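In what follows, a single structure is set out as structure tokens and then discussed.
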Amino acid sequence: ELISKGNHRHYMLKEIYEQPVVVAQTLRSYLRRMEDQVSLPVPDFDLGAIRRVTIVACGTSYYAGMVAKYWFEQFARVPVDIDVASEFRYRAPVMEDGGLMIVISQSGETADTLAALRHARSEGQKIAAVVNVPTSTMAREADLLLPTHAGPEIGVASTKAFTCQLAVLAAFAANLARAKGRLDGKAEKELVRHLAEAPAALNAALAYDESIEAMAHLVAGARDVLYLGRGPDYPLALEGALKLKEISYIHAEGYAAGEMKHGPIALIDDKVPVIVLAPSGPLFEKTVSNMQEVQARGGKVVLISDYDGVQAAGEGCIATITMPKVHPLIAPMVYAVPVQLLAYHVAVAKGTDVDQPRNLAKSVTVE
Ligand code: G6P
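In terms of the UniProt record's numbering, the sequence shown is residues 241 to 607.
Structure follows, in structure tokens:
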């Protein structure tokens with residue numbers, strides 16, 4: 241193989257470890273640090289005139305889009321529609337003038353996403369593409385190309401492409417906010433500073449690899465696993481569950497923490513590990529109270545939070561994973577690391593083919 245695994249046992253682990261470097265690389269082309277400004281390619285259409293954003297993607301790229309929806313709405317105050325590509329095309333979506341479609345794809349070739357892009361174009365939408373392969377079909381067909389600089393991703397389960405997509409989308413949300421007069425210089429400076437902290441925070445998150453490996457057996461024996469998160473960390477719960485399913489073949493579900501009481505709480509017993517993603521921040525207390533509902537029913541909780549969060553709510557958990565304390569903006573990037581590592585170590589413990597999981601393909605070119 242042309243690309244080596246280096247000292248790593250699998251491509252997936254190598255790619256997880258590359259994240260601080262490739263996210264830094266990606267941010268370098270989207271941030272002008274000296275001026276504390278985001279800096280994106282200038283499209284040949286008026287960004288300030290965009291009235292609605294539609295995000296379409298598949299798999300892990302779709303979850304990056306879900307996180308981005310929070311940012312576009314919060315910073316730019318533009319309504320965002322999001323759909324998985326295979327559904328979008330067939331639900332007669334309403335696409336009015338002034339609409340921008342953002343497709344997100346590691347490969348730039350996923351058939352459903354490409355079909356959605358072409359459909360949106362025929363409906364007069366402008367197209368932005370966040371892709372990792374700059375020579376791909378989506379890259380060529382977009383009006384605005386926003387490459388991620390993750391480098392080739394070999395592991396079928398996407399890792400580094402995801403965090404790089406988040407980096408690009410955060411910068412893009414800030415850029416759109418500025419174009420719409422919603423982001424003043426001071427706010428932009430703060431956003432840029434928080435984003436620039438991501439590579440070091442990703443590095444700090446990787447330092448917990450061994451402790452995650454040590455607790456993987458708590459999950460490896462389970463038949464079902466639940467992941468809970470709120471706000472921009474809810475898509476991370478979905479991503480955590482997807483990663484675990486993909487490579488360890490354990491049934492897992494991601495749920496919005498507050499929605500758990502409307503169904504999945506019925507599944508809770510002492511055999512279902514519940515992974516709770518709860519960084520300190522405005523949603524912490526609410527997430528913890530959902531977590532306590534699980535514990536009150538005998539559920540076995542693994543809490544992923546920062547030092548303060550673990551101090552405040554770690555008691556009674558079967559395990560805790562301590563992340564660096566980060567600004568909520570970059571928490572979805574940083575918390576991607578423990579969910580990736582947990583899935584990885586569980587898969588290794590189960591002896592599955594981590595880089596080539598059964599039935600899955602790196603790039604799906606059929607609809
Ligand atoms: C496949 C891969 C996933 C990926 C998804 C979307 O299912 O196994 O890891 O997230 O396709 O791929 P894309 O290249 O469009 O991001």
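Glycine included, each C-beta is placed from N, C-alpha and C at the ideal position. All figures in this text were calculated on a predicted structure; none of them were measured in a lab.
{"Item": "CA-to-CA distance, Ile561 to Asp323, given in whole angstroms", "Value": "32 Å"}
{"Item": "heavy atom of ligand 1 below 8 Å from residue 639 C-beta", "Value": "There is simply no residue 639 to check, as the chain begins at 241 and stops at 607 in what is shown."}
{"Item": "Within the stretch 434-462, ranges of the alpha helix (DSSP H) (whole runs, at least 4 residues)", "Value": "438-446, 449-455 and 457-460"}
{"Item": "Inter-residue spacing [alpha-carbon to alpha-carbon] between Ala414 and Cys404", "Value": "16 Å"}
{"Item": "Selected residue, minimal CA-CA separation from Gly539, among Lys483, Cys557 and Leu523", "Value": "Cys557"}
{"Item": "In DSSP terms, what Val514 is bridged to", "Value": "Leu466 and Val541"}
{"Item": "Residue burial classification, Ser529 (beta-carbon count within 10 angstroms, cutoff 16)", "Value": "exposed"}
{"Item": "Nearest-angstrom Cβ-Cβ length linking Ala382 and Ile367, presumed shorter than 8 Å", "Value": "5 Å"}
{"Item": "Asp548 in three-state terms, based on DSSP", "Value": "helix"}
{"Item": "Close beta carbons around Glu607, own chain, < 8 Å, minus the five adjacent residues each side", "Value": "Ser326, Ala351, Asp352 and Ala355"}
{"Item": "Test item: CB-CB of Leu484 and Val574 under 9 Å", "Value": "no"}
{"Item": "Residues that Gln277 bridges to, as DSSP identifies them", "Value": "Arg272"}
{"Item": "Selection from Lys254, Gly338 and Thr592 that minimises the alpha carbon distance to Ala460", "Value": "Thr592"}
{"Item": "Helix, strand or coil at Leu340 [DSSP, three-state]", "Value": "strand"}
{"Item": "Exposure label - Glu555; buried when at least 16 CB within 10 Å", "Value": "exposed"}
{"Item": "Same chain, Cβ closer than 6 Å to Leu385, neighbours up to 5 away in sequence not counted", "Value": "Ala369 and Ala379"}
{"Item": "From Phe524, Gly288 and Phe412, residue whose alpha carbon lies closest to that of Ile342", "Value": "Phe412"}
{"Item": "Sheet register partners of Asp321 (DSSP bridge)", "Value": "Thr294"}
{"Item": "Gly305 (DSSP reduced to helix, strand or coil)", "Value": "helix"}
{"Item": "Extent of the continuous alpha helix (DSSP H) run through Thr562", "Value": "Element bounds for Thr562: not the alpha helix (DSSP H) but the beta strand (DSSP E), Ala559 to Met563."}
{"Item": "Top-ranked residue by Cα proximity to Glu430, from Ala601, Gln277 and Asn247", "Value": "Gln277"}
{"Item": "Whole-angstrom C-beta distance between Ala571 and Ile487, which should lie under 8 Å", "Value": "The pair is not a contact, with the Cβ atoms about 23 Å apart (cut-off 8 Å)."}
{"Item": "Pro387: first and last residue of the uninterrupted beta strand (DSSP E) it sits in", "Value": "Leu384 to Pro387"}
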